[in-house]
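Just add 481 to wherever you are in the sequence shown, counting from 1, and you've got our numbering. Just so it is clear, CB atoms sit at the ideal spot from N, CA and C, and this is done for glycine as well.
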Amino acid sequence: MVFYSPYLDTAGTGGKGTGTCRTALFDKSHGFYIAVIQGFFRDYYYTRGSAFSFLVEQKPEYARYFTPWTQVVPTFFPNPAKNRIIENYCSGVYLSPDQAAQLLRDMKQGPKVLEDMERLWSDGQLAVLKKALTAAVELGAGLLEATEVVEPNPIRPNESTSYSNLYHCDRDGVYLYIDMALKQISQTMERSKDHS
Numbered sequence: 482m483v484f485y486s487p488y489l490d491t492a493g494t495g496g497k498g499t500g501t502c503r504t505a506l507f508d509k510s511h512g513f514y515i516a517v518i519q520g521f522f523r524d525y526y527y528t529r530g531s532a533f534s535f536l537v538e539q540k541p542e543y544a545r546y547f548t549p550w551t552q553v554v555p556t557f558f559p560n561p562a563k564n565r566i567i568e569n570y571c572s573g574v575y576l577s578p579d580q581a582a583q584l585l586r587d588m589k590q591g592p593k594v595l596e597d598m599e600r601l602w603s604d605g606q607l608a609v610l611k612k613a614l615t616a617a618v619e620l621g622a623g624l625l626e627a628t629e630v631v632e633p634n635p636i637r638p639n640e641s642t643s644y645s646n647l648y649h650c651d652r653d654g655v656y657l658y659i660d661m662a663l664k665q666i667s668q669t670m671e672r673s674k675d676h677s
């Protein structure tokens, strides 16, 4: 008897992960697959329009919370890495468990750090970020950001898609996105009525 496993399809022999060429960016290949595969086994978290990669572009001092891939992956991975989100379907920065714990402490003790986080993780998303950081610390696994692991459908939530296990996606961030998208649609419809 043979069982189909999306995990094996992604990581196993002949899967996307094993077919990566040596020159492909780590962030667009192995890094993204790590994020996808992790979601088959553990909860993962969704926020819209916010990323540590964006934060470090604006404020390079936040790089102290991130670990470059060269310090995480075995040396036999020859793929170059940007260590940030560069486009869709891409991994970004990695926070070790210690770095995630330090960021949580600094958010509690440092008003400037909290203010910077609130600016990027706005509209209730900061609670999702804190939840993800807390889980990363408790599991001792750290936190890896990635784009498009899950793609919520705000109009038909049951038609949302994921490259990973959709049922492991924490729903808080998805609900925030759906609420925001529905408000924007409602506002657009109201404006179009006013112009008619």
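Asked	Found
Starting from L595, trace the alpha helix (DSSP H) both ways and give me its first and last residue.	592-601
Taking 8 Å as the threshold (C-beta atoms), are F547 and Q580 in contact?	yes
Rounded to the nearest angstrom, what separates S486 and E596 at their Cα positions?	Residue confidence for S486 is low, a pLDDT of 43 falling below 50, so the modelled location carries little weight and cannot support an answer.
Return the residue from the list Q665, E632, D508 that minimises the CA-CA distance to N564.	D508
Please report how far the alpha carbon of L647 lies from the alpha carbon of V631, in whole angstroms.	7 Å
Determine whether the beta carbon atoms of A627 and S572 lie at a separation below 8 Å.	yes
Look up Y570 in the DSSP assignment and say whether it is helix, strand or coil.	coil
On the CB-based measure, 16 or more other CB atoms within 10 Å of its CB, does M588 come out buried or exposed?	buried
For T494, does the count of other Cβ atoms within 10 angstroms reach 16, so buried, or fall short, so exposed?	Here the model assigns T494 a pLDDT of 38, short of 50, so the residue's position is not dependable, and the following value carries that caveat. Result: exposed.
Let's test the definition: count the other Cβ atoms within 10 Å of the Cβ of H511 and tell me whether it reaches 16, buried, or not, exposed.	buried
Pick helix, strand or coil for T642, following the three-state DSSP scheme.	strand
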